[in-house]
Structures are given as structure tokens and as C-alpha cells.
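Taking it in order: structure first as C-alpha cells, then the write-up.
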Amino acid sequence: MTNNEPMMLTAEIPLINTTQDAPSRTSSGLAQRLQNMMIGIIIFLGGFVIFEPAPYELVLIITLVVWFALGLRIPRAIFPLLILFSIFSTGGIISSFQMVDHKSGFIYVAVSYFLALTSVFFAIIISSDEKRLPLIFKVYVASALVSTMLGLLGYFNISGFAMFTKFERAAGAFQDPNVFGPFLTAPILYLVYRLLNTNLKGVIPIAAMLGILALGLFLAFSRAAWGLTAFSLLMFYALLFINEQRARVRLKYIVLAVCGVAVLIFAFLALLQIDAVSNLFLQRAKVVQDYDGGTMGRFERHALGFKMALENPLGIGPLVFPKYFIEDTHNIYLKSLMAYGWIGFVCWLTMMFWTLIAGFKLLFRPRPWQVYHQIAYTIFVGHCFVGIVIDTDHWRHFYLMIGIIWACILLEKQWQAKKRAKVSHSQFRNARPPQI
């Protein structure tokens, strides 16, 4: 095990039968490399959603078709997730019939269902080989760095990069800074973990990457992203501290946390010396903006929307809410009621609580995939809160986090099954022969 990567599980049964001939082993190894290459491409493209359908969707569709055609099986433990998202989308189809323009509603629901299915896909491919977790996070970091650099070039008015900013805010290769910012949370947490567990030689490059992503997060001026990252980072750091039994390492975590906060404060004060940054920060840093608490602001729209939901159990259809209240719901729970009906709302809440409850106990079990699960879980919890003020049903990285959590749930089941089989085998071998 290296200093900066969690230990990965060494399977007791080899993936490739060693009794096979060399060509079979070679072809199996080639297939594995091709699969991992496709996974890497998909994860990397997740950082580039300037238009829709994005390249991410197009490559994923091809990959899903090929993979299922070659016999990709859905494990029984993943079926609850698939069923919940299927019923959720069915609610959206029923809701679309309440619209005058059924077609636009069906298209919206189809996109939602496809994105939801990506969580099932990621859960399957990760649970079949947990060594894909470090690959996913490393490629995720690379994608986030490229997208962030584009956003920074646009923010600082470098010619030809203006399209990577929106409303004087860094947006990276995304349509909205409020999606770009939350997208950066997972790689930031991953790099924090790497920084805590690397040697002196690795500090500078990891710190540099972390600094770039942190700058992109700040210049996105997304309150949701700031809150999500702060919450997830604090929860993740607390989990690292709780699960660490060595006093020396705990002390290191405390010292590095203090140093990290000091560096952030210094960088923050330095950035505020730039007038454009300072002015926009003072404008965006308010907890409640005028468009939140004013007449027919966000919160009043929420109240009226929940009232409307009581009168429309089937929903009013996707994309209809803005026709009544100028803007979209900006609340995933209200969005579920409006666009997917009561059926969709119940399924969304069930998915959330099932994921939270099933994934919670894994946070404290020392497993090879524990750190990755902790990152995904803390970000998922953060999204449950962020969903109060923003719609998350089309956030690609959100479904990736769900897929990782469910993959770890399945990996734990496999771990326990192997453990029971090992104990049973040991008892069988140690059993005394019957006396005659």
C-alpha cells in the first residue's frame, strides 16, 4: 500500500483462471484495459457540459449498449436503486400527460431517467472491480483541473475564453456556475486526503492542484457550492479523525487542518484585494439575496409550489413551474412533486433515506474502499441539504456519487459473504471425524 492511496482489496480468487492458456489471459487483460479506458473517458467528459446532449451522454449511451449486449448483469443488491429510479421516472411520464406539450415533458423525463441509470451503471462496474475507484477519482481530478483552468482563463479575461464564464463568475466547461462549483467538491476532498497521506515529495504538486480547484470554487461565486464543500469537507475530515486510531496521525491531522485554514484565510484576503472579486463577493456572500426573500422570491415560490402540489397529486409536468412563477423550482423536493408527482416525490425521498441508512454503517468499517465511500457519502449528504435551494436531478456528478455509495454497499455484502465462506471452510477442515 502506498502512502497516498487506500489499500485495495486483493481478491482471494483471481479474476482470470490461471489454468487458461496464454491467449485467453491476454484477451481478458485487453478487455479489462479497454473497459477501464472507456470508464476513464466517461468520467473525464463529465467535466464538459457546455451544451446538451453533452459528449458525456453520447459516450455513455454507446458504452451502456455495448456493455449490456456483452452480458453485463445487474446484481440483486442494486435492484432497489433501479426500481426506485424507474418508478420515479414513471411518475414523470404520468405528470407529462398533464402538459399541453407532452413531447417536451417526455424528453425531459427520458434525460432524467438516463442520468439516473448512470448511477446503476457505476454501481455495477465498481462493485465488479473495486480497483476502478482510484482510476475514477484520478480522472475526475484531471477533468476538474482542465475545466477549472478554462474557467479561470475566462474569468481573468484571457481572449477567446469568455464562454467559460457566466454572469462574471467562473463556470468552467459548464452552462451554470452553480453546477460547476459543486462538481469540484469531490476532487477537492480526494486531494485533501492525498495531501494528508503523501510524502514530502508529493506535497507541492498535490497542493498546487488543490489550490487551482479551490480558486475555481471560490470564483464560481456559488453559495450552494461553498456550503456544500465546507460541509462535506468538515464531515469527511471528522470521519478521518474518528476512524484513525493512532494518536500521532490524529495530531498530524489537527496541525495540518490549522495550517490549511491559515492558508485559506491568507489566500481569501489576497483575492479580496482585487476590486472585481471583492465587489462580487460582497454581493454573493449574503445568506438571503433579494431574489430569495423578496416578493415572489425563491422562498415564497416554494411555499406556493408546495400548496399547488397538494392540489395536483399527479404533478403539473416538467418545465411547467416557470410558466406560473417565472423561474424554475430551485428545490429538488418541490421539483419532484411538480415534475414527477407524489409518486416521484416518495421515490426520491425513499432513494435518499435508503442510501443514507445503508451507507452510514460503512463509514466506520476499515475496508479498502472506505475513503472513497466516505467522500461520496459526505457529498451525498451535502446534496440532500443543497437540494433545498437548487435542483439536482440533472447533475451528472451527483449520480456518480450515488453509484459509488451503492457499489460500496454491494462490496460490503461481498466482503461479508467471503468472510462467512472462509469461516465455514475453516470449521469444516477443523471438524473431527466421527468416532466409531
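Once you know that position 308 of the sequence shown is 1624 in this note's numbering, the rest is easy, because the numbers rise by one and skip nothing.
Beta carbons: idealized from backbone N, C-alpha and C, even for Gly.
Since we're looking at a predicted model, the values are computed, not measured.
Among the options, nearest to residue i - alpha-carbon criterion
i	options	result
Trp1731	His1713, Val1687, Pro1682 and Asp1707	Pro1682
Leu1461	Ile1442, Phe1360 and Phe1367	Phe1360
Ser1428	Thr1406, Met1415 and Val1457	Thr1406
Asn1647	Leu1727, Thr1694, Leu1672 and Ile1706	Ile1706
Ile1704	Lys1639, His1713, Arg1539 and Leu1626	Arg1539
Tyr1509	Phe1490, Val1457 and Met1465	Val1457
Asp1709	Tyr1693, Phe1430 and Gln1561	Phe1430
Val1375	Pro1629, Leu1386, Gly1362 and Gly1387	Gly1362
Pro1503	Leu1449, Leu1555 and Thr1481	Leu1449
Phe1483	Val1365, Leu1507, Phe1597 and Val1416	Phe1597
Gly1657	Gln1351, Lys1419 and Leu1626	Leu1626
Thr1666	Pro1396, Asn1352, Pro1371 and Phe1367	Pro1396
Ile1394	Lys1735, Trp1670 and Asp1492	Trp1670
Gln1783	Val1416, Phe1367, Ile1441 and Val1381	Residue 1783 lies beyond the range of the chain shown here (1317 to 1752); nothing can be said about it.
Leu1727	Asp1445, Thr1514 and Ile1377	Asp1445
Neighbourhood of residue i by C-beta, 8 Å cutoff - its chain only, sequence neighbours within 5 removed
i	result
Ala1523	Leu1511
Gly1621	Phe1637, Phe1641, Thr1645, Asn1647, Leu1650, Leu1653 and Met1654
Tyr1372	Ile1358, Leu1361, Gly1362, Phe1364, Val1365 and Arg1712
Cutoff 6 Å; reference residue i; Cβ partners in own chain excluding five residues on either side
i	result
Pro1330	Since pLDDT at Pro1330 reaches only 33, below the 50 mark, its modelled position is unreliable, and no value is offered.
Ser1435	Tyr1715, Ile1718 and Gly1719
Ile1452	Ile1359
Val1739	none
Gly1497	Leu1533, Ala1536, Ser1538 and Ala1541
Phe1661	Ser1652 and Leu1653
Ser1463	Gly1363, Gly1488 and Ala1489
Cys1663	Leu1400, Ile1403 and Phe1404
Contact check, residue i vs residue j, beta carbons under 8 Å
i	j	result
Ala1536	Arg1614	no
Leu1672	Val1697	yes
Ser1548	Leu1505	yes
Tyr1569	Glu1560	yes
Pro1391	Ser1443	yes
His1699	Phe1499	no
Leu1433	Phe1480	no
Val1495	Pro1634	no
Gly1675	Ile1632	no
Leu1507	Leu1526	yes
Val1455	Gly1576	no
Contacting residues, own chain, Cβ-Cβ under 7 Å from residue i (five flanking each side not counted)
i	result
Phe1438	Leu1716, Gly1719, Ile1720 and Ala1723
Contact test: residue i Cβ vs the ligand FAD heavy atom, cutoff 7 Å
i	result
Ile1659	As presented, the structure is devoid of all ligands, the ligand FAD included, so that no description of it is given.
> Which full runs of the alpha helix (DSSP H) of 4+ residues lie inside the segment 1446-1512, going along the chain?
Replying inline: Taking 4 residues as the minimum length, the alpha helix (DSSP H) runs contained wholly in the segment 1446-1512 are 1448-1471, 1493-1499 and 1501-1512, in order along the chain.
> Per the contact definition of three or more C-beta pairs closer than 8 Å, is the segment 1564-1579 in contact with the segment 1540-1551?
Replying inline: no
>> So, does the segment 1399-1419 touch the segment 1686-1697, judging by three or more C-beta pairs under 8 Å?
In response: no
> Which parts of the segment 1614-1645 are runs of the alpha helix (DSSP H), unbroken and 4 residues or longer, counting only runs that do not cross its ends?
Replying inline: Counting only runs of 4 or more, we get 1614-1627 and 1637-1641.
>> For the pair the segment 1464-1474 and the segment 1526-1535, tell me if three or more CB-CB distances fall below 8 Å.
In response: Yes: the two stretches touch, three or more of their Cβ pairs being nearer than 8 Å.
> In chain order, which continuous runs of the alpha helix (DSSP H) of length 4 or greater are located wholly inside the segment 1352-1437?
Replying inline: 1371-1385 and 1395-1412
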